[in-house]
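Residue numbers (the numbering used here): 12 to 341. Just so it is clear, CB atoms sit at the ideal spot from N, CA and C, and this is done for glycine as well. Source: prediction; values computed, not measured.
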């Protein structure tokens with residue numbers, strides 16, 4: 012028991028000799044740098060320390076480790092954190108290690124001087140044609156006059172850019188756009204916006220794509236079927252499902268656009284219709300309710316009607332329709 016107690020005292024003494032640290036203040040704060048301070052007491056053992064910093068308490072950056080000596084008094088330590096983002100909150104702390112263990116200082120935070128970088132978001136491409144497009148984006152200048160431009164090309168490496176333009180200082184998002192011309196028809200282009208101001212690095216937004224229109228719109232394949240083939244009771248509920256597909260060289264994100272009109276005829280007279288959009292998988296589904304039999308007076312039963320699915324087309328595909336399916340009512 013005496014031996015165990017002695018070992019316990021030794022363990023406490025060992026633990027007590029790990030370094031003591033305190034995260035200090037900051038100084039010399041600028042747009043892109045700050046000096047971080049702290050103190051380290053080696054508690055009589057050879058001790059090294061470093062300072063950590065980053066955008067969150069997970070840090071991610073740290074200084075080179077330096078010696079704090081092996082004394083028993085606190086030593087002031089510091090490091091310069093550079094390449095920081097203006098107008099941004101950073102976390103920091105001091106960490107020290109000796110033969111008895113590692114001690115981590117408390118988390119503290121500071122904000123760099125200046126305005127933060129502009130916030131950017133790539134928007135949709137509009138007014139597509141065979142040889143051009145209007146590309147759009149949103150820029151928040153974050154209270155400082157901001158320059159922006161669009162990059163574009165046939166890959167995410169871009170290779171071309173628009174003439175730079177500017178938005179004035181402000182804190183509200185601003186929608187911007189630029190016209191692209193001289194493009195190849197039937198071609199997929201990548202684009203994004205890039206903005207910068209002051210001492211900030213250029214801020215690129217996410218990549219987006221568009222496809223220029225073909226010189227000649229191909230005829231799509233359209234399939235549709237309506238059920239039931241014989242609706243016996245009023246109201247007559249008819250469900251039509253189908254799909255529209257263009258040629259292989261038009262990706263689905265572009266040809267799966269537009270509307271399909273489901274049209275019902277008795278002879279040449281239209282008796283009803285339903286308009287539905289194409290889904291992202293190029294499929295469509297519609298439910299049409301006919302409250303009564305078409306026509307007047309006593310009608311022979313069942314009454315045959317024709318269902319036609321008419322795709323209205325888009326910039327890539329020409330309008331097209333099915334030959335028609337016969338179903339009966341009553």
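**Prompt:** Going by beta carbon distance, what residues of the same chain come within less than 7 Å of residue 390, once the five residues before and after it are set aside?
**Reply:** No answer is possible for residue 390: the residues shown for the chain start at 12 and end at 341.
**Spatial distance of residue 323 from residue 273 (CA atoms)** = 11 Å
**Prompt:** In three-state terms, what does DSSP make of residue 263?
**Reply:** helix
**Message:** Could you give the first and the last residue of the continuous beta strand (DSSP E) run that contains residue 198?
**Reply:** That residue, residue 198, is in no beta strand (DSSP E); it is neither H nor E in DSSP.
**Message:** Just verifying my parser: in three-state terms, what is the DSSP assignment at residue 66?
**Reply:** coil
**Item:** Delimiting residues of the beta strand (DSSP E) encompassing residue 35
**Value:** 31 to 38
**Burial state of residue 200 (16 or more Cβ within 10 Å)** = buried
**Message:** What does the Cβ neighbour count give for residue 234, buried or exposed, with the cut at 16 atoms within 10 Å?
**Reply:** exposed
**Message:** Determine whether the beta carbon atoms of residue 103 and residue 47 lie at a separation below 7 Å.
**Reply:** yes
**Item:** residue 234 - containing beta strand (DSSP E), residue span
**Value:** 232 to 238
**Environment of residue 29 [buried if 16+ CB atoms lie within 10 Å]** = buried
**Request:** Can you grab the Cα-Cα spacing for the pair residue 331 / residue 295, in whole Å?
**Result:** 15 Å
**Asked** residue 105 and residue 116 look like a contact to me (Cβ under 8 Å); what is the Cβ gap, rounded to whole Å?
**Response** 4 Å
**For residue 129, the first and last residue of its enclosing beta strand (DSSP E)** = Premise fails: residue 129 is in no beta strand (DSSP E) and is neither H nor E.
**Contained beta strand (DSSP E) runs [length at least 3] in the segment 282 to 313, N- to C-terminal order** = 294 to 301
**Message:** Rounded to the nearest angstrom, what separates residue 209 and residue 288 at their Cα positions?
**Reply:** 47 Å
**Prompt:** If you count every other CB in all the chains shown that lies within 10 Å of the CB of residue 338, and 16 or more means buried, which is it?
**Reply:** buried
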